[in-house]
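Enquirer: Numbered according to UniProt numbering, the sequence shown spans residues 1 to 1126.
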Amino acid sequence: MKRNYQNWHYIKLLFLLSFFIFCNIANGQARLPEEKTITLQQKNIPLEKAIHMVQLQSGISIFYSNQLLNGKEGVNLDYQDAPLYKVLDDLFKKRGFDWQYYADKNTILIKPAKKNNSKSSVSKSEFVTTGQAHIEQFNIQGRVTDENGNPLPSVSVVIPGTPLGAMTNTKGEYFFEDAPENADLVISYVGYIEKRMHIQGRNVINVILTESVNELNKAVVIGYGKTTKRFNTGSVATIDADIIAKQPIANVMTALPGRVAGVQITQNNGVPGSNTQIQIRGQGSLNSGTIPLYVIDGVPYSNFNGAQPATDNLDAWGISSANGGTSPFSSINPDDIESISILKDADATAIYGARGANGVVLITTKSGKSGKSKVDVNVYTGTGKVGHFIPMLNTQQYLALRKEAFANDGISPDKASSRPLDLLDWDQNAYTNWQKYLIGGTAHSTNAEISYSGGNENTQYRLSGSYRNDGTVYPGDNWKDSRVTSRFSLDHHSTNNKFGFNFSTSYSYENSFLPSSDITSLYTLPPNYPSMLKDSTGKLIWYPGFTNPLSYLEQPDRSVTTNLISNLTLRYTIIPGLNLKLNSGYTNIVLDQKSAKPASAQNPAYNPVSSAYFSNNKIENWIIEPTVDYSFNIGKGKFNALAGGTFQQNISQTNSTKGTNYSSDLLLGSLAGAGLITSYYPNYSKYKFASMYGRANYNWDSKYLINATFRRDGSSRFGPNNRFGNFWAIGAGWIFSEENFVKDNLPFLSFGKLRGSYGLTGNDQIPNYIYLPLYSLISTPYQQQTGMYETTSPNPNIQWETDRKLEMALELGFLKDRILFTGSYYRDRSGNQLTYLSLPTQTGFNSYMANIPAVIQNKGIELTINTKNILTKNFQWYSSLNITIPQNKLLSFPGLENSFYSNSYVIGQPINLTRLYHYTGIDPQTGFPQYATKAGTGIPDYNTDRIIAPVGHPFYGGLSNDFTYKQWSLSVFVQFQHQNGFTNSVSYSPIGRGMTNLNTSVLNRWQKPGDVNTLYPAASANAGTPIANAYGYYYGGSDAFWGDASWLKIRSASLSYSFGKKLISSWGLSTLRLYAEGQNLFTLNRNKYQFDPETNVPGGPPGLGTGQYAAVPPLRTLVVGINVSF
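What follows is the structure, encoded as structure tokens:
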């Protein structure tokens, strides 16, 4: 209740702040012109800058001809609350110009003074009334906007051949007096295609400019700053908001798979709120964490809670539900995100030091823009279903297999040691498709978002909110994951641009109600298993030897997650080029969970008792980062230096309690109703991180680039003697397309750059306090007392893992950058590995953590090509392709053969290697499986006869195509992976053994002597038979079903129609778009006996994939929606 009050108090403060800001902005814009005063102290500044300053303070647009600025000396300003008209007289009257105010347009027009007029065209007494007078001359006015209807300020509007020219105001408006009726207007703006329009006697000419898309000049967010792709010396990939917006997703991380070269992302399952796993350029650690650093608007999103192994799963110390663990990103609204930048190499990540050893993911959220206030509404609804079901045996096929298995063993079913109910008791004609029964439902999704944004040149704001509700494919309509989010951002800078600040805060509330376990694995129930699972009173029916599949649905897990992220950035310019900045941030993630296990959901034959688990997890993080940067020109180049510090603290708290012996299942929601507290697991962990860092870069003549970074990090996860580490990187680039010899000889080459980087980073993703002796509470009290025991052998000498990163890259642009190509070679070598070493049993511990001089190498080639295939007035076609060819291997491990890792790793092989027996086929006479053995016995030996199977991804990537025809848009994205792994579900028991249904591939089995080219050996129903002995554990651990597990997936598609501006403007709208979107639409792979090859196949890249054959796969989702702006 206390936390709910604090949250409500926070929301009230948020809205009060918003109301106060809006009132101030409105008040500033509503002041009468005669009340305007100006306060400025500037010396020898350009007249253009003086005009701009007056515009900012007065809120009145000033239009003038370019002639006014030609050859004019500097301007001195010394005003303290001076009337606006006096400042205007001083600026223009002495320079031979008159000014005139138009009240209806809130604009001032500057024009050459008439020769017989020596005074201002408007006196103080005429200030307001002049604009109301009738204007006899031919005047032109209009508004310049982008394609979305947003006003464009400071656009150049000129009439060639005349001295007339103007710049648009903050509303995108311009105005000309005494313009020729048959001339042309030329409208130009940086980043947009120049437009020329004939006046033709029109008084009002509104202009829509089309953005000139040049990938090289787009802003790229990097650590503590921005650059462009053209001048970047590091490896940075950016995903824009429009890519995210075209996908009906709840977790923004699920928008990224296949989009970026060198980055692999796997969704754990298709249950709402499930977690994702991300790897940037492979796994570089044996035991430490490999999750990247996430930064949201400059604030590290510290979801890593110090668990071992390192994870960003919020349930790591809590209660895992059917989704396998809650993702911290499931509570962030994807619509609030402007862009995601992924930093990969040393040059890009070194500024983050050890925290960036596994790469960095920078998330930038949307902010307000100056101009008219704008409301955006986006609503969609849709459904999700399992896209592929495994073909399973029907009842007749299943029973035939079971009878054949008993016949092969020479045993009658009624003589078996364990009664086969499927053959003797159950209905031989009954059939239930358990896949469709358990996960064949329809998951309904609803998403609604609204935002309000706007501001003036000094202050911009954005306020947004969203609601989302996702169902599941499980039986019943009560399972759901719902989320409410709110976000506010405010940007402000002073009139003289010396001071500025940015404030943003977001709050989300996520409520998840799911089964405590995923029931997908129960799809292997016999097809004639009784389908009557409840009696007439609603109680579960229990059949001998089986768990009622609905019992898992009677054991719910409810979790409530609140997420607060706040950031405040202060900026001050001391002198031009020298800036001070203070960034501060705070995050607070709270996860409350309750998991109930009623006695009614358990088999009464075992005298069950009701029990419940209660868990509270809290992750609190704050950070302060002061920086100073200085930029200045040296010769033909520009130098920039940055220095700063980081002070961060992360606190993780968990309290998990189990209560049992409830007198009634109705009391399971409260710990107070428990008759006995059987376990209590408290955990408190504090992590501190401090750094000093610096970066310097130089750009000479827009051709030669160099960037150097140094950082000294301190982490509380290491002992006092090794707490600090030094990390560094250097990057360089050469834009050779700017050389004259290239321009003269390669006219088709519009851009060419060579770049490279090398650096050293660290890794501290290990458990907190691992260098100290740790104690845990004994879970079961004795005589009302709780004891403790030591759990960890200390090692105060552990040190940082190190990662030496090398990259070389070539970037090319052809045909005026219509074709952009990037090819990169990277090599990361991670050493000084932190891992566990064995201890003698008499010490009381099995192992302890220490550094070993093992080295893991990740290297690869990344290729990316972006093309503008067709660009016409009505039709455009853009494509993007990325391919990664990775390689992971253990480069060295001194003493490996004598360590307890000798069976886990092999030098020269990937660190996730898989050893399997080599399967050679089936004996056509006996139906027994056969294996290659060195001893020739036919019975393989565990130590000598297992071979190393090929693992990992030889290559992976993605291909996107975006088409636009008039007002229609179509986007299709295809992801592909060439990978090795199991190509079928494999059992360690013979087929036909146990009451378990199998897929239809077992129809191709050995059935009689002489059968050849069969896929499976003979069936067997009992243990100890010759077939069972030959099968052993060898067949399931062999390479019989190991091979090419590659796949291709239509990851997403979007079709939309945008209504014309002329039509919707009469309705008071600026944008109206209808759309349909889909996710996980189609999968092409060789193996039809798995739900999803992406998430269910073991043997993928190290550290990725669940390795489960039976989990709800990512759903095939279809939605329809509407997007409106006004």
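A virtual CB, placed ideally from N, CA and C, is assigned to each residue, including glycine.
Please go through the stretch 919-989 and give each complete beta strand (DSSP E) segment of 3 or more residues, from N-terminal end onward.
Expert: Fully enclosed beta strand (DSSP E) runs of 3 or longer: 919-922, 929-931, 946-949, 955-965, 968-978, 980-982.
Enquirer: Go ahead and label Trp968 buried or exposed: buried means 16 or more other beta carbons lie within 10 angstroms of its beta carbon, across all protein chains shown.
Expert: For this step, residue 968 is matched to residue 968 along the sequence shown. Label assigned to Trp968: exposed.
Enquirer: Are at least three pairs of beta-carbons, each pair with one atom in the stretch 360-374 and one in the stretch 596-607, less than 8 Å apart?
Expert: Output reads no: the stretch 596-607 does not touch the stretch 360-374.
Enquirer: So, at 8 Å on beta carbons, what are the nonlocal neighbours of Leu421 in its own chain, with the 5 sequence-adjacent residues on each side left out?
Expert: Counting from 1 along the sequence shown, the entry for residue 421 is found at position 421. The answer, listed in chain order, is Tyr543, Pro544, Gly545, Met995.
Enquirer: Helix, strand or coil: which one does DSSP assign to His52?
Expert: Working through the sequence shown from its first residue, we reach residue 52 at position 52. Reduced to three states, the DSSP call for His52 is helix.
Enquirer: Terminal residues of the continuous alpha helix (DSSP H) containing Asp90?
Expert: As a first step, residue 90 must be located in the sequence shown, where it is residue number 90. Residues 84-92.
Enquirer: Specify the secondary structure class of Gly142 as computed by DSSP and reduced to three states.
Expert: Locating residue 142 in the sequence shown gives position 142, counting from the first residue. Correct three-state label for Gly142: strand.
Enquirer: With a floor of 3 residues, list each beta strand (DSSP E) that falls wholly inside the stretch 1049-1105, ordered by position along the chain.
Expert: Qualifying beta strand (DSSP E) stretches, in chain order: 1071-1085.
Enquirer: Which residues bound the beta strand (DSSP E) around Trp479?
Expert: Stepping through the sequence shown from its first residue, residue 479 is reached at position 479. Taken as a continuous stretch (DSSP letters only), Trp479 belongs to no beta strand (DSSP E), as it is neither H nor E.
Enquirer: Could you give the residue range of the beta strand (DSSP E) that holds Tyr836?
Expert: Taking the sequence shown and counting its residues from 1, one reaches residue 836 at position 836. Looking at the DSSP string, the run of the beta strand (DSSP E) that includes Tyr836 is 833-838.
Enquirer: Exposed or buried, which one is Ile1122 when buried takes at least 16 other CB atoms within 10 Å?
Expert: The residue labelled residue 1122 in the question sits at position 1122 within the sequence shown. Burial call: exposed.
Enquirer: With DSSP as the reference, label Val260 as helix, strand or coil.
Expert: Here residue 260 corresponds to residue number 260 of the sequence shown, with the count starting at 1. Of the three classes helix, strand and coil, the one that applies to Val260 here is coil, per DSSP.
Enquirer: Under 8 Å by Cβ, that's how I've got Gly140 and Ala113 pegged, so tell me the actual separation to the nearest angstrom.
Expert: Sequence index remark: in the sequence shown, residue 140 carries index 140 (1-based). Sequence index remark: in the sequence shown, residue 113 carries index 113 (1-based). Per the sequence presented here, residue 140 reads as Ile, with Gly not at that position. About 22 Å separates the two Cβ atoms, so there is no contact after all.
Enquirer: What residue range is occupied by the uninterrupted alpha helix (DSSP H) comprising Lys195?
Expert: Within the sequence shown, residue 195 is the residue found at index 195, counting from 1. First-last for Lys195: 195-198, but that is the beta strand (DSSP E), not the alpha helix (DSSP H).
Enquirer: So, Ile1050 versus Phe1091, is the Cβ gap smaller than 9 Å?
Expert: Here residue 1050 corresponds to residue number 1050 of the sequence shown, with the count starting at 1. Here residue 1091 corresponds to residue number 1091 of the sequence shown, with the count starting at 1. The answer is no: Cβ separation not under 9 Å.
Enquirer: Given this structure, state the Cα-to-Cα distance separating Ser960 from Lys868, to the nearest angstrom.
Expert: To locate residue 960, count along the sequence shown from 1; it is residue 960. To locate residue 868, count along the sequence shown from 1; it is residue 868. Spanning the two alpha carbons is a distance of roughly 12 Å.
Enquirer: Are there three or more Cβ pairs, one per stretch, closer than 8 Å when the stretch 827-839 is compared with the stretch 851-863?
Expert: Contact between the stretch 827-839 and the stretch 851-863 is present, because at least three Cβ pairs lie under 8 Å.
Enquirer: Check the DSSP bridge columns for Ser892 and list the partner residues they point to.
Expert: Taking the first residue of the sequence shown as 1, we reach residue 892 at position 892. Looking at the DSSP assignment, Ser892 forms a beta bridge with Val855.
Enquirer: Kindly examine the ligand FMN and report whether one of its heavy atoms sits closer than 8 Å to the Cβ of Gly270.
Expert: Only the bare structure without any ligand can be found here, which leaves the ligand FMN out of the picture.
Enquirer: Between which two residues does the beta strand (DSSP E) containing Arg402 stretch?
Expert: On the sequence shown, position 402 is the one that residue 402 refers to. Looking at the DSSP string, Arg402 is not in any beta strand (DSSP E); the run it does join, the alpha helix (DSSP H), is 395-409.
Enquirer: Smallest Cα separation from Ala1030: which of Arg281, Tyr467, Ile922, Gln593?
Expert: Walking along the sequence shown from the start, residue 1030 turns up at place 1030. That would be Ile922, whose Cα lies nearest to the Cα of Ala1030.
Enquirer: Indicate the three-state DSSP secondary structure (helix, strand or coil) for Phe329 in the structure shown.
Expert: Translated into the one-based positions of the sequence shown, residue 329 becomes position 329. Three-state result, Phe329: helix.
Enquirer: So is Trp1047 buried or exposed if we call it buried at 16+ other beta carbons inside 10 Å?
Expert: Translated into the one-based positions of the sequence shown, residue 1047 becomes position 1047. So Trp1047 ends up on the buried side.
Enquirer: Answer yes if the stretch 1069-1089 comes into contact with the stretch 981-992, meaning at least three C-beta pairs across the two stretches below 8 Å, and no otherwise.
Expert: Yes, they touch.
Enquirer: Please confirm if the stretch 230-243 is in contact with the stretch 339-347, defined as three or more CB-CB distances below 8 Å between the two stretches.
Expert: Because the criterion of three Cβ pairs below 8 Å is met, the stretch 230-243 and the stretch 339-347 touch.
Enquirer: Report yes or no: do the stretch 677-688 and the stretch 744-761 share at least 3 C-beta pairs separated by less than 8 Å?
Expert: No, because fewer than three Cβ pairs between the stretch 677-688 and the stretch 744-761 fall closer than 8 Å, the two stretches do not touch.
Enquirer: State the Cα-Cα distance for the pair Lys539 and Tyr474, rounded to the nearest angstrom.
Expert: Numbered from its first residue, the sequence shown carries residue 539 at position 539. Numbered from its first residue, the sequence shown carries residue 474 at position 474. Rounded to the nearest angstrom, the two C-alpha atoms are 19 Å apart.
Enquirer: For Ala1110 versus Ser517, is the C-beta spacing smaller than 9 Å?
Expert: Here residue 1110 refers to the residue found at position 1110 of the sequence shown. Here residue 517 refers to the residue found at position 517 of the sequence shown. Their beta carbons are not under 9 Å apart, which means Ala1110 does not touch Ser517 by this criterion.
Enquirer: For Gln1079 and Ser1001, what's the separation of their Cα atoms in angstroms?
Expert: Along the sequence shown, read from residue 1 onward, the residue named residue 1079 stands at position 1079. Along the sequence shown, read from residue 1 onward, the residue named residue 1001 stands at position 1001. C-alpha separation (whole angstroms): 29 Å.
Enquirer: Who are Asp518's beta bridge partners in DSSP?
Expert: In the sequence shown, the residue the question calls residue 518 occupies position 518. None; Asp518 has no bridge partner.
Enquirer: Where does the unbroken alpha helix (DSSP H) through Phe741 begin, and where does it stop?
Expert: Stepping through the sequence shown from its first residue, residue 741 is reached at position 741. That run of the alpha helix (DSSP H) goes 740-745.
Enquirer: Within the same chain, show all residues whose beta-carbon is closer than 8 Å to that of Leu777, passing over the 5 residues directly before and after it, in chain order.
Expert: Locating residue 777 in the sequence shown gives position 777, counting from the first residue. Result list for Leu777: Tyr680, Tyr681, Pro682, Thr786, Gly787, Met788, in chain order.
Enquirer: Would you list the residues sitting across from Met392 in a DSSP beta bridge?
Expert: Taking the sequence shown and counting its residues from 1, one reaches residue 392 at position 392. Bridge partners of Met392: Asn999.
Enquirer: Can you list, in chain order, the residues of its chain whose CB lies under 7 Å from that of Tyr398, leaving out five sequence neighbours each side?
Expert: To locate residue 398, count along the sequence shown from 1; it is residue 398. For Tyr398, where only same-chain residues beyond five positions count, the Cβ hits under 7 Å are Pro526, Pro527, Asn997.
Enquirer: Do Ser1038 and Tyr917 have their C-beta atoms within less than 9 Å of each other?
Expert: To locate residue 1038, count along the sequence shown from 1; it is residue 1038. To locate residue 917, count along the sequence shown from 1; it is residue 917. Yes, Cβ-Cβ distance for Ser1038 and Tyr917 is below 9 Å.
Enquirer: What does a CB cutoff of less than 8 Å around Ile574 pick up in its chain, not counting 5 residues either side in sequence?
Expert: Against the sequence shown, residue 574 aligns to sequence position 574. Taken in chain order, the residues that qualify are Leu580.
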